[in-house]
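Have a look at the structure below, then the notes.
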Ligand code: SF4
């Protein structure tokens with residue numbers, strides 16, 4: 152069976168033109184996706200069955216026993232932490248938030264360690280943005296700042312920016328100018344028209360210089376800022392002002408370098424000011440396929456986009472205090488539930504050491520480093536392959552993930568729902 156218009160559940164581009172061939176409940180071919188997408192959709196080693204750790208070793212068990220034990224751990228915890236959520240459906244995210252409220256947990260997603268500074272900046276200065284479709288059809292100036300999407304979002308340039316043709320961009324690559332700002336010459340920089348190399352940590356200064364030149368006060372800008380000659384900055388501002396439709400994409404090179412939210416607020420302010428001259432938009436390059444979706448669901452259900460603490464019986468939010476790495480580094484939480492994420496592979500050593508000390512529950516389709524530390528392992532169906540649901544693309548457009556084959560395990564949403572029911576049963580609610 153050939154299934155068309157499939158969404159790729161890997162990165163924030165959520166490509167929606169994938170063609171999948173299924174034979175006997177197995178995906179045998181994936182067309183149109185990049186290598187990363189093909190690899191995800193063709194499948195990897197799976198967690199075979201629910202497991203519980205006993206005497207230091209994981210033994211297989213039933214969902215019933217693993218869910219009961221998980222519910223007992225969470226119910227008996229004084230300070231449970233629930234983390235992950237970027238690679239599952241909005242429906243599972245919603246159920247997770249309901250569970251967090253029930254047990255008074257801190258719930259946080261991977262935004263915490265990637266685009267949290269973007270969320271903080273957007274709260275302060277807004278986000279003059281647009282959709283990827285508008286960019287494809289209109290943008291003639293494309294800027295990537297601290298983002299190597301040739302490797303992180305492999306189809307981004309061919310589907311939405313540099314190498315695509317749209318309604319008002321019929322000339323394709325010839326009619327577009329691409330500028331990359333980064334601290335090193337990345338694969339993306341190699342296919343750009345301009346590569347602007349910045350001294351690491353000087354993004355804020357370079358953005359400020361561009362804003363000052365744009366404001367007509369270039370006289371006060373020194374001959375070089377952040378390693379970029381003043382003439383080059385003037386040339387870029389001229390190009391920005393004379394573009395028909397410009398867009399500035401930024402990645403973790405901007406959000407996680409010195410200045411963090413201030414860098415992003417400065418970039419957004421630059422774009423806002425450019426709109427006095429032409430049409431300009433700004434967009435964060437979001438990583439996991441539904442990291443944006445968790446922010447949406449969390450914001451409309453709690454008022455905050457990530458790092459929400461329910462310990463007071465109502466949502467409380469203070470990134471730096473209620474964000475996962477900070478909670479772990481203070482040794483504050485006494486249990487953790489990880490959903491569709493692998494913090495053991497990505498978090499600082501101190502955080503992972505605390506995760507290893509406390510009762511740890513994992514819900515994931517595939518084994519990873521976090522499995523090595525987990526006390527309860529609950530295998531899940533793969534969102535967007537074995538389970539349908541909603542996911543938000545990096546531009547905030549909600550799209551429907553499709554079910555391509557029958558699942559061998561329960562969905563994240565179903566597992567969380569069963570844990571929640573068991574918690575309520577234990578508490579006598
Ligand atoms: S660019 Fe991202 S969403 Fe598109 S096919 Fe590749 S991994 Fe999948």
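In the numbering used here, the protein residues as written are 152 to 580. For every residue, glycine included, the Cβ atom is placed at its ideal position computed from N, Cα and C.
Can you tell me whether DSSP reads residue 451 as helix, strand or coil?
helix
Quiz: which residues have CB nearer than 6 Å to the ligand SF4 non-hydrogen atoms
159, 161, 162, 164, 165, 166, 184, 185, 187, 188, 304, 305, 306
Quick one: using the 10 Å Cβ neighbour count with 16 as the cut-off for buried, is residue 221 buried or exposed?
buried
Would you mind stating whether residue 289 and residue 326 have Cβ atoms separated by less than 9 Å?
no
Counting along the chain, where does the alpha helix (DSSP H) carrying residue 391 start and finish?
381–393
At least 3 beta-carbon pairs within less than 8 Å: the stretch 527–542 vs the stretch 194–202:
yes
Between the Cα of residue 640 and those of 250, 354, 182, spot the shortest distance and give me the residue it belongs to.
Because the chain spans 152 through 580 in this model, residue 640 falls outside it and cannot be assessed.
So, with DSSP's three-state summary, where would you put residue 338?
helix
Does DSSP put residue 401 in a helix, in a strand, or in coil?
strand
Where residue 455 and residue 269 are concerned, what is the direct C-alpha to C-alpha distance, given to the nearest angstrom?
13 Å
Quick one: grab the DSSP three-state call for residue 565.
helix
Endpoints, alpha helix (DSSP H) assigned at residue 348:
No alpha helix (DSSP H) contains residue 348, which is instead part of the beta strand (DSSP E) from 345–348.
Could you tell me the distance, in whole angstroms, from the CA atom of residue 195 to the CA atom of residue 420?
43 Å
Check whether the Cβ atoms of residue 209 and residue 522 sit closer than 9 Å, and answer yes or no.
yes
Cα-Cα separation between residue 188 and residue 390, rounded to whole angstroms:
35 Å
So residue 433 and residue 416 are supposed to be a Cβ contact under 8 Å. How far apart are they, rounded?
11 Å between Cβ atoms; not a contact.
So, with DSSP's three-state summary, where would you put residue 494?
helix
When the distance is taken between beta carbons, is residue 173 closer than 9 Å to residue 198?
no
Taking the alpha-carbon of residue 388 as reference, which of 400, 422, 486 has the nearest alpha-carbon?
422
Helix, strand or coil for residue 327, going by three-state DSSP, please let me know.
coil
Residue 370 (DSSP reduced to helix, strand or coil)
helix
Going by the DSSP bridge assignment, what does residue 259 pair with across the sheet?
234
So what does residue 434 bridge to, in DSSP terms?
400
Whole angstroms is fine: what's the gap from residue 552's alpha carbon to residue 303's?
21 Å
Among residues of its own chain, excluding the 5 on either side of residue 548, which ones have a beta-carbon nearer than 7 Å to its beta-carbon?
282
Nearest-angstrom beta carbon gap, residue 250 and residue 567 [assumed within contact, 8 Å]:
6 Å
Which residues share a DSSP beta bridge with residue 487?
232, 511
Please name the residue in 312, 273, 564, 499 whose C-alpha comes closest to that of residue 396.
312
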